[in-house]
Amino acid sequence: MRDDTTVTPMIRLTRVSYDIGITKILTDVSLDLAPGKPTLLLGPNGSGKTTLLKLLMGLLTPTSGAISNTRDLRKAFVFQKPVMLKRSVAANIAFALSATKRDASQATISSLLRRVGLEHLHDRPARKLSGGEQQRLAIARALALNPMLLLLDEPTASLDPTATKAIEDIITSAANDGVKIIMATHDLGEARRLAGDIIFLARGRLGEHTPSPNFFTRPSTPDAQHFLAGDLII
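If you read the sequence shown in this note's numbering, its first letter stands for residue -7, the second for the next number, and so on.
Written as structure tokens, this is what we have:
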């Protein structure tokens, strides 16, 4: 397990479980999530990655256990398949800014679009964008909220390598600006490129939480070893 005794966590999970009826989705998860480089969530399908992100965002409430913030965190969430408002690219940003009573001037909108490489598509209908462009716009809308914590659910799923790199560059830039990123992915190469630390889930339980180099070179659990080898975890 990860030892963050020298870093004050942003969020602490204490024996968090989440059930739907008799089905256990997450069981007894305890974590400290600290500022710094991106935290990547790994694990097979059904391991609880998306549920954990939703719990961290407050979209779901734990069945048992507690999630505590050590500070007043501004949070934003980007879903795997973002919904575009039926308006222009710029108007999507303006809506996000206005919703939080932030400056919605053209200069601010242009700055956010420039940050994600979409300034040239300012007037394009958002729903006419490609999949990668829509995901970049979704991240720009999230950044418009000025979050301290940005939660991303597989933002590069089904994207080609060029679109994936564009998203990864945005994530790296945001992290360098001090935004804490917690992101689910199935792409091990992406996790190697982006992660400061890895949370590995299997069967709804926390298997490992460790610095990224440790996870990829010295996984401490059989489940993680099988996962990295491409074996099926039952």
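From the three backbone atoms N, C-alpha and C, an ideal C-beta is built for every residue, glycine too.
Own chain, CB closer than 6 Å to residue i, minus 5 neighbours either side, in chain order
i, result
"A58", "T6"
"R(-6)", "Confidence in R(-6) is poor, its pLDDT being 45 and thus under 50, which makes the residue's placement too unreliable to answer from."
"G124", "L151 and A155"
"A83", "none"
"R116", "V81"
"L198", "V21"
"T43", "Y10, I17 and L18"
"L144", "V70 and M175"
"R185", "none"
Unbroken beta strand (DSSP E) run spanning residue i, endpoints
i, result
"M49", "M49 -> not in any beta strand (DSSP E); alpha helix (DSSP H) instead, spanning K41 to M49."
"L32", "T31 to L34"
"T209", "First-last for T209: S204 to T209, but that is the alpha helix (DSSP H), not the beta strand (DSSP E)."
"I17", "T15 to L25"
Own chain partners of residue i with C-beta closer than 8 Å, once the 5 adjacent residues on each side are dropped
i, result
"D11", "I17 and T55"
"Q127", "V70, P74, P147, T148, L151, A155 and I159"
"R107", "A132, L135, I162 and S165"
"T31", "L25, K172, I173, I174, M175, A187, G188, D189, I190 and I191"
"P1", "D24, L25, A26 and T62"
"A113", "It should be pointed out that residue 113 corresponds to Leu in this sequence rather than to Ala. Cβ within range, chain order: V81, L105, L121 and E125."
For residue i: DSSP bridge partner residues
i, result
"S56", "S9"
"F69", "L143"
"I3", "L25 and N61"
Rounded straight-line distance, which links the Cα of residue j to that of residue i
i, j, result
"E182", "N206", "16 Å"
"D(-4)", "D24", "Any answer about D(-4) is weak, because its pLDDT of 43 lies below 50 and its placement is not dependable; what the coordinates show is given next. Rounded to the nearest angstrom, the two C-alpha atoms are 7 Å apart."
"D223", "N37", "13 Å"
"T19", "K67", "24 Å"
"I173", "K29", "7 Å"
"D64", "T92", "15 Å"
"L89", "G188", "30 Å"
"G50", "A118", "27 Å"
"M175", "V8", "19 Å"
"R4", "S22", "7 Å"
"R195", "M76", "33 Å"
"G35", "S204", "14 Å"
"L121", "K46", "26 Å"
"D215", "S39", "12 Å"
"L110", "Q98", "14 Å"
"L52", "L105", "30 Å"
"T100", "P153", "29 Å"
"S103", "A96", "11 Å"
"G170", "V(-1)", "15 Å"
"N138", "L129", "15 Å"
Opening and closing residue of the alpha helix (DSSP H) in which residue i lies
i, result
"V81", "V81 to A91"
"T220", "This sequence places Leu at residue 220; Thr is not what is there. Where L220 is concerned, the enclosing alpha helix (DSSP H) stretches over P214 to L220."
"L105", "Q98 to R107"
Own chain residues within Cβ distance below 7 Å of residue i, not counting five before or after
i, result
"P211", "E200, Q217 and L220"
"T213", "G199 and E200"
The ligand GTP heavy atom lying under 7 Å from the CB of residue i
i, result
"S22", "Looking for the ligand GTP in the displayed structure turns up nothing, as the structure carries no ligands at all."
Secondary structure, beta strand (DSSP E): runs of 3+ residues fully inside the segment 116 to 202: 141 to 145, 172 to 176 and 189 to 194
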